[in-house]
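Numbering (this note's numbering), first residue to last: 191 to 454.
Ideal Cβ positions, reconstructed from N, Cα and C, are used throughout, including at glycine.
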Ligand SMILES: Nc1ncnc2c1ncn2[C@@H]1O[C@H](COP(=O)(O)OP(=O)(O)OP(=O)(O)O)[C@@H](O)[C@H]1O
Ligand SMILES: [Mg+2]
């Protein structure tokens, strides 16, 4: 593993026409680090994740993965650099079962006497899906159940498991509001998933409005306010009142370094 940050953003700016979603945001994420990305509605959190996941090309700024500059044109580019994102609005195929969703894009063909016959090897896809879920410690509905028959929380867990299963050993997982729709038990499951992935060296950026969750799992807290970074600090050094004042814009972290940020 090299010593560069897993992911580094420098002066990322995103303008949607006249709307300024992000203004010169810089951020470094270490290997195995869990960063909570907080901010009010419209602060730019999802936009920042979409820059990291190749959905949006920034108007300006630079992104590096393990020290290498990247210019993502698509989520596929980001995926090949080891970045997976779970979207706020989930992207599962409802009519497919859990196993098919988990193996989507990685389908296996069955081998017959004449070589590859072109039939999906469903049995082995199911086995593989089940063992991926087991490895992540995820217990959910049977993998043969169509996703449209799952609860919102169960879908969320499947979506996270799918992203996690596609990550390389020291990849980067971007989670946009992973627990918003979850009950107590499933939220705890996601929490422990985040912990075990981080322990394996995965870097995680977690967008959430749930401050107790952010405090429980993150090493570092980054706050966005109206597209600008308002705080970037070890989670151990913050308390709820401070975080809320950064989120609402009542204050900005004292001594915050926003490298290259230019004041208007
Ligand atoms: N496709 C788009 N076109 C134009 N403006 C957009 C687009 N997507 C987001 N915006 C604007 O960019 C800003 C940041 O939006 P973003 O979705 O990143 O916020 P967020 O922090 O994720 O908010 P929430 O907590 O509500 O999910 C908002 O002002 C939003 O209206
Ligand atoms: Mg959002």
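(request) Could you check what DSSP says for residue 336 in three-state terms: helix, strand or coil? (result) strand
(message) Here's the rule I'm using: 16 or more other beta-carbon atoms within 10 Å means buried, otherwise exposed. How should residue 450 be labelled?
(response) Note that residue 450 scores a pLDDT of 45, beneath 50, so its modelled location is shaky and nothing firm can be said.
(message) Which residue wins for smallest C-alpha separation from residue 221, given the options 361, 324, 262, 426?
(response) 361
(message) Can you find the residues in the same chain that come closer than 7 Å, C-beta to C-beta, to residue 352, ignoring five residues on each side of it along the sequence?
(response) 291, 292
(request) Reducing DSSP to helix, strand and coil, say where residue 415 ends up. (result) strand
(message) Pairs of beta-carbons, one from the stretch 240-251 and one from the stretch 409-416, closer than 8 Å: are there three or more?
(response) no
(request) Decide if residue 332 is buried, meaning its Cβ has at least 16 other Cβ atoms within 10 Å, or exposed. (result) exposed
(request) Consult DSSP for residue 222 and reduce its assignment to one of helix, strand or coil. (result) coil
(message) Can you check which of these residues, 334, 315, 341, 355, is closest to residue 326 by C-alpha distance?
(response) 355
(message) DSSP three-state label for residue 205, please.
(response) strand
(request) Locate the beta strand (DSSP E) running through residue 366, then write down its first and last residues. (result) 362-366
(request) Would you check if the stretch 362-376 and the stretch 389-406 touch, i.e. whether three or more CB-CB distances between them fall below 8 Å? (result) yes
(request) Work out the CA separation of residue 350 and residue 330 for me, nearest whole Å. (result) 12 Å
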